[in-house]
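Participant: Numbering (full-length UniProt numbering), first residue to last: 1 to 408. Input: one structure, supplied below.
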């Protein structure tokens, strides 16, 4: 979308304001000047020169929120500020400045995904004043500064995936009329956002939980859906006597992965690799994988079973010598995924505890050498078990000797 660059509102000195007011009063007294007066009024209301406001104008209402910032930043405090502004006096001014200031503080107060708060902010605009009376006024964006302010409010709603309701549509009709630009944007949002709302196969709860354990469960379940037989297990390192980090571990594995671990050669190393990042809405979670290299290339069947242009009739051809088995989803071309996990500290000691937890269901891990490979910085805080090699370079491999040193 192209960015439209519009001029900033120009301020007039007090001396020039007095001159303009004197000229306007003189024009009122002259006969046959209603058309000229209407033209001046239309210029000040519809000109794009006065459409936007600069940062100084937006900062005028910052003082209203300064006192609220010292209190508890929650929805009730934010609504109290709106209530104070609405009931401060009968003749209110600075609606646009107040709305822009409120939009700036919504993220700080945690109300940027609340539809009721958006409606309370929109309700501060006066009703009926900005309604266009002619088609020409409607297409020339009657009161452009106020309409652009409402459009910016709707844009913030769209950025936070907040869908407007019919009540908000009635509010905009009462403020700007049924031919205004904000109403067009609201109806576009109501049409498209409802279509995109349920397209995500991994729907996220709203509001998103702030607990890191719950976020890790959502992330691991999202990754584990590649195999319908995968199960998610939560471990506590307090149950492991050798652990140093007292934290949680969210692990996912499937029966196919357990079979792959059981068939894995004892003289070939497996790797704990990470951290990788996955996003759950606006929150990110670091996770690790237990993988191994592919020992031999897989059989690739590039034939499309639905293609009937080249039918293979086994009666006319020779029998195949071997039967190729299909590989599981965990056996990729470059690597074999044996397990995934997310820990509360993402440290090497917590990953070592994860391997010990997997050994209860996979005894083959007691004899398989495990190597740790970190592709990013890991906050280990020197928490390394006895017999384990210290890692100074994140790209360096550290070998954890099996059975004797892992379980020591």
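Glycine is no exception: its CB is placed at the ideal position from the N, C-alpha and C atoms. No experiment lies behind these values; they were computed from the predicted model shown.
My output table needs one value for residue 101: the three-state DSSP class, helix, strand or coil.
Facilitator: Position 101 of the chain shown holds residue 101. Reduced to three states, the DSSP call for residue 101 is helix.
Participant: Would you kindly work out how many angstroms separate the C-alpha atoms of residue 492 and residue 241, rounded to a whole number?
Facilitator: Lying outside 1 to 408, the shown extent of the chain, residue 492 is not represented and no answer is given.
Participant: Between the C-alpha atoms of residue 108 and residue 74, what's the straight-line distance to the nearest angstrom?
Facilitator: Taking the first residue of the chain shown as 1, we reach residue 108 at position 108. Taking the first residue of the chain shown as 1, we reach residue 74 at position 74. Going by the C-alpha atoms only, they are around 9 Å apart.
Participant: Quick one: what does DSSP say residue 244 is sitting in, helix, strand or coil?
Facilitator: On the chain shown, residue 244 is found 244 positions in, with the first residue counted as 1. Coil.
Participant: Drop a sphere of 10 angstroms on the beta-carbon of residue 178, count the other beta-carbons inside from all chains shown, and report buried for 16 or more, exposed for fewer.
Facilitator: Position 178 of the chain shown holds residue 178. Result: exposed.
Participant: On a CA-only basis, which of 375, 267 and 235 is nearest residue 358? Give me that one, please.
Facilitator: What you label residue 358 is simply residue 358 of the chain shown in a count that begins at 1. Looking at the Cα atoms, 235 is the closest of the given residues.
Participant: Just mark residue 288 as buried or exposed, buried being the case when its beta carbon has 16 or more other beta carbons within 10 Å.
Facilitator: Here residue 288 refers to the residue found at position 288 of the chain shown. Buried: at least 16 other Cβ atoms inside 10 Å.
Participant: Using only the alpha-carbon positions, how far apart do residue 141 and residue 181 sit?
Facilitator: In the chain shown, residue 141 corresponds to position 141, counting from 1. In the chain shown, residue 181 corresponds to position 181, counting from 1. The straight-line gap from Cα to Cα measures roughly 7 Å.
Participant: Three or more C-beta pairs under 8 Å: does that hold for the region 329 to 346 against the region 242 to 257?
Facilitator: The region 329 to 346 vs the region 242 to 257: in contact.
Participant: Going straight from the alpha carbon of residue 272 to that of residue 370, what length do you get?
Facilitator: Indexing the chain shown from 1 puts residue 272 at position 272. Indexing the chain shown from 1 puts residue 370 at position 370. If I take the Cα positions, the gap works out to 7 Å.
Participant: Rounded to the nearest angstrom, how far is the Cβ of residue 118 from that of residue 153, given a contact under 8 Å?
Facilitator: Taking the first residue of the chain shown as 1, we reach residue 118 at position 118. Taking the first residue of the chain shown as 1, we reach residue 153 at position 153. At roughly 7 Å, the Cβ-Cβ gap stays under 8 Å, so residue 118 and residue 153 are in contact.
Participant: Taking buried to mean at least 16 other C-beta atoms within 10 Å of its own C-beta, is residue 375 buried or exposed?
Facilitator: Locating residue 375 in the chain shown gives position 375, where the first residue counts as 1. Under this definition residue 375 is an exposed residue.
Participant: Helix, strand or coil for residue 124, going by three-state DSSP, please let me know.
Facilitator: Numbered from its first residue, the chain shown carries residue 124 at position 124. Coil at residue 124, not helix or strand.
Participant: Short check: CB of residue 169 to CB of residue 188, under 9 Å?
Facilitator: As a first step, residue 169 must be located in the chain shown, where it is residue number 169. As a first step, residue 188 must be located in the chain shown, where it is residue number 188. In this structure, residue 188 does not lie closer than 9 Å to residue 169 by Cβ.
Participant: Less than 7 Å between C-beta atoms, sequence neighbours within five positions excluded: which residues of the same chain meet that for residue 381?
Facilitator: By one-based count along the chain shown, residue 381 stands at place 381. Residue placement at residue 381 is poorly supported in this model, since its pLDDT is 42, which falls under 50; the coordinates are not used for a value here.
Participant: Considering only the beta carbon of each residue, do residue 280 and residue 215 sit closer than 9 Å?
Facilitator: Translated into the one-based positions of the chain shown, residue 280 becomes position 280. Translated into the one-based positions of the chain shown, residue 215 becomes position 215. Yes; because the gap between Cβ atoms is below 9 Å, this pair is in contact.
Participant: Return the chain-ordered list of same chain residues with a C-beta closer than 7 Å to the C-beta of residue 173, the five sequence neighbours on each side being excluded.
Facilitator: The residue labelled residue 173 in the question sits at position 173 within the chain shown. Answer for residue 173: 183, listed in chain order.
Participant: Decide if residue 99 is buried, meaning its Cβ has at least 16 other Cβ atoms within 10 Å, or exposed.
Facilitator: Here residue 99 corresponds to residue number 99 of the chain shown, with the count starting at 1. Answer is buried; the Cβ neighbour count reaches 16.
Participant: Would you check if the distance between the CB atom of residue 78 and the CB atom of residue 102 is smaller than 9 Å?
Facilitator: Here residue 78 refers to the residue found at position 78 of the chain shown. Here residue 102 refers to the residue found at position 102 of the chain shown. Contact: yes.
Participant: Are the CB atoms of residue 81 and residue 115 within a distance shorter than 9 Å?
Facilitator: Counting from one through the chain shown, the residue named residue 115 turns up at place 115. Counting from one through the chain shown, the residue named residue 81 turns up at place 81. Taking 9 Å as the Cβ cut-off, residue 115 and residue 81 do not qualify as a contacting pair.
Participant: Determine contact between the region 250 to 263 and the region 220 to 229, defined as no fewer than three beta-carbon pairs at a distance below 8 Å.
Facilitator: Verdict: yes, contact present.
Participant: Flag residue 25 as yes if its beta-carbon sits less than 9 Å from any beta-carbon of chain D, otherwise no.
Facilitator: Absent from the structure: chain D. Only one protein chain is present.
Participant: Taking residue 349 as the reference, give the member of 130, 238 and 120 with the closest Cα.
Facilitator: Looking up residue 349 in the chain shown gives position 349. The shortest C-alpha separation from residue 349 is found at 238.
Participant: For residue 327, collect the residues of the same chain with a Cβ closer than 7 Å to its Cβ; drop the 5 residues on either side in sequence, then sort them by chain order.
Facilitator: Translated into positions along the chain shown, residue 327 becomes position 327. Same-chain partners within the cutoff: 298.
Participant: By the 10 Å Cβ neighbour count, where 16 or more other Cβ atoms means buried, how is residue 295 classified, buried or exposed?
Facilitator: Along the chain shown, read from residue 1 onward, the residue named residue 295 stands at position 295. Exposed.
Participant: Check each candidate in 329, 311, 211 and 334 and name the one with the smallest Cα separation from residue 285.
Facilitator: By 1-based counting over the chain shown, the position of residue 285 is 285. Of 329, 311, 211 and 334, the residue nearest in Cα terms is 211.
Participant: On the three-state DSSP scale, how would you describe residue 234?
Facilitator: One-based indexing of the chain shown puts residue 234 at position 234. Three-state result, residue 234: strand.
Participant: Ordered along the chain, which non-local residues of its own chain (more than five positions away) have a Cβ less than 8 Å from that of residue 165?
Facilitator: Indexing the chain shown from 1 puts residue 165 at position 165. These residues qualify, in order along the chain: 115.
Participant: Classify residue 279 as helix, strand or coil using the three-state DSSP reduction.
Facilitator: Position 279 of the chain shown holds residue 279. Here residue 279 sits in strand by DSSP.
Participant: Looking at residue 248 and the ligand HEM, is the gap between the Cβ and the nearest heavy atom below 8 Å?
Facilitator: Absence of the ligand HEM from the depicted structure is noted, as is the absence of any ligand whatsoever, leaving it without description.
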